[in-house]
Amino acid sequence: MDWLKTSARIMIVSDLDHTMVDHHDPENLSLLRFNALWESNYRHDSLLVFSTGRSPTLYKQLRKEKPMLTPDITIMSVGTEITYGIAMVPDNGWVEILNQKWDRNIVLEETHKFPELKLQSETEQRPHKVSFYVDKSKAQEVTKALSEKLENRGMNVKIIYSGGMDLDILPQGAGKGQALAYLLQKFKKEGKPPKNTLVCGDSGNDAELFSIPEVHGVMVSNAQEELLQWHTENAKNNPKIIHAAERCAGGIIQAIGHFGLGPNISPRDVAETADNHLEDAGPAHEVIKFNFFCEKWRRAEIEQCDMYIESLKASCDPAGSLVHPSGVEQCLHDGISALKKTYGDKQGKGYRVWVDRVLPSKISSDTWLVKFVKWEILGGSSKAVSALQS
Ligand code: GLC
Ligand code: MG
8 MDWLKTSARI MIVSDLDHTM VDHHDPENLS LLRFNALWES NYRHDSLLVF
58 STGRSPTLYK QLRKEKPMLT PDITIMSVGT EITYGIAMVP DNGWVEILNQ
108 KWDRNIVLEE THKFPELKLQ SETEQRPHKV SFYVDKSKAQ EVTKALSEKL
158 ENRGMNVKII YSGGMDLDIL PQGAGKGQAL AYLLQKFKKE GKPPKNTLVC
208 GDSGNDAELF SIPEVHGVMV SNAQEELLQW HTENAKNNPK IIHAAERCAG
258 GIIQAIGHFG LGPNISPRDV AETADNHLED AGPAHEVIKF NFFCEKWRRA
308 EIEQCDMYIE SLKASCDPAG SLVHPSGVEQ CLHDGISALK KTYGDKQGKG
358 YRVWVDRVLP SKISSDTWLV KFVKWEILGG SSKAVSALQS
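The numbering of the sequence shown is our numbering, which starts it at 8 and goes up by one.
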């Protein structure tokens with residue numbers, strides 16, 4: 008990533024479904040906790056990488072449904088597509104590597120001969136990934152027979168079984184692990200390898216991530232049998248890999264603490280007190296705390312107490328202002344006073360706020376400009392409400 012001038016303090020490489028995103032938690036609490044932790048402590052000098060089995064289509068869909076941050080790097084379709092930044096610029100060098108010794112048509116011809124294989128939706132069929140559903144009881148047998156058939160056709164492929172139902176066929180050089188190894192190599196060449204890397208996963212297609220040398224790894228508490236079995240057979244004595252006690256993003260937060268990789272107390276885990284606003288924790292942290300307070304206030308989760316508003320005001324410089332990207336500028340104190348009218352207006356409506364890409368820069372000896380994107384989710388659909396705060 009060009010914007011980081013030196014090595015990332017930490018690079019987190021996380022799977023999405025059932026790892027970063029908990030589909031059994033409609034409130035998305037652990038994800039929101041992770042988001043707040045990342046933005047207040049890591050965004051400015053670290054790298055967030057999402058590595059998912061989803062195609063770009065399904066990845067974008069997930070982003071509409073769940074309170075997700077914008078990663079620095081997005082690896083999709085089981086390590087076959089790497090993109091950079093908000094614009095999701097594809098890594099064409101990776102495409103060229105994968106094109107070697109890969110013929111999709113041969114894969115389609117051979118898989119056609121297996122009635123046990125049910126083709127996944129069209130969106131999940133990608134240039135370097137052919138995906139099926141297959142019953143758990145048939146998976147091993149089909150994988151073995153299919154790899155023999157493909158080998159006989161001179162194809163060197165990788166077959167991965169995940170989630171007790173998905174079977175992906177990729178070029179041998181692809182996969183989440185190989186994509187990560189490629190990225191690490193790239194950073195090394197640029198002279199800025201991450202100081203620490205933490206990989207996070209729950210299922211079969213994540214196993215490869217854990218075999219990259221030198222990385223720390225967390226298998227979330229809810230990890231699938233196939234990943235735990237892989238771990239028992241291949242990495243049981245590796246102290247750099249843990250099986251977390253907590254589910255999904257909660258397990259990632261736990262691992263950051265376990266390995267001593269940096270702060271792991273999310274601003275969302277700090278209880279609201281009147282003097283909470285007085286401590287000096289850095290401009291990014293202030294923005295997160297401020298927005299978290301607004302969320303709780305509008306959800307009526309904290310007492311309707313003027314003292315909170317007053318102490319919030321006291322902690323903000325009277326000259327501070329909020330600049331909306333439209334150009335409209337509002338004095339921070341006026342914004343805080345206006346909160347009095349919105350107490351509880353989102354109560355019971357599934358309202359959540361999270362801030363993304365929080366990047367502070369010092370513009371004079373006592374002034375910071377903090378750029379961020381503020382997102383709101385209401386009853387299951389999210390929208391960005393951008394803002395600048397100084
Ligand atoms: C995601 C993809 C699917 C793939 C699975 C396992 O669910 O959408 O195509 O088979 O991950 O890698
Ligand atoms: Mg997963």
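Glycine included, every Cβ here is placed at the ideal spot set by N, Cα and C.
DSSP assignment within the region 186-242 yields the following whole beta strand (DSSP E) runs of 3 residues or more, N-terminal first: 204-208 and 223-226.
Between the ligand MG and the CB of S210, the shortest heavy atom gap is smaller than 7 Å.
DSSP places F266 in the coil class of the three-state scheme, outside both helix and strand. Relative to the ligand GLC, even the nearest heavy atom lies 7 Å or more away from the CB of Q311. Contact between I82 and K12 is absent: CB atoms are separated by about 23 Å, not below the 8 Å threshold. Taking 8 Å as the cut-off, the beta carbon of L38 is found closer than this to the beta carbon of D29. Within the chosen limit of 7 Å, the ligand GLC does not reach the beta carbon of E129 with any heavy atom. Judged by the Cβ position, S62 qualifies as a neighbour of the ligand GLC at the 7 Å threshold, a heavy atom of the ligand being closer than this. Residue pairing of M83 in beta bridges, as defined by DSSP: E88. For R359 against P74, the beta-carbon gap comes to about 6 Å, under 8 Å, which counts as contact.
Taking each of L36, I249, P134 and K381 in turn and checking the Cα distance to C301, the smallest one comes out for K381. Non-local beta-carbon contacts of K356 in its own chain, meaning distances under 7 Å to residues more than five positions away in sequence, involve L385 and G386 in chain order. Secondary structure note for I166: its beta strand (DSSP E) is the uninterrupted segment V164 to S169. Inter-residue distance for L234 and S169 is about 9 Å (C-alpha atoms, whole angstroms).
With a 10 Å radius around the Cβ and a threshold of 16 neighbouring Cβ atoms, L190 comes out buried. Around the C-beta of E117, 16 or more other C-beta atoms lie within 10 Å, and the residue is accordingly described as buried. The region 18-106 contains, as complete alpha helix (DSSP H) runs of 4+ residues, the segments 36-44, 63-72 and 99-106 (chain order).
The C-beta distance from F139 to L174 rounds to 5 Å, short enough to meet the 8 Å contact threshold. With fewer than 16 other beta carbons inside 10 angstroms of its own, D352 counts as exposed.
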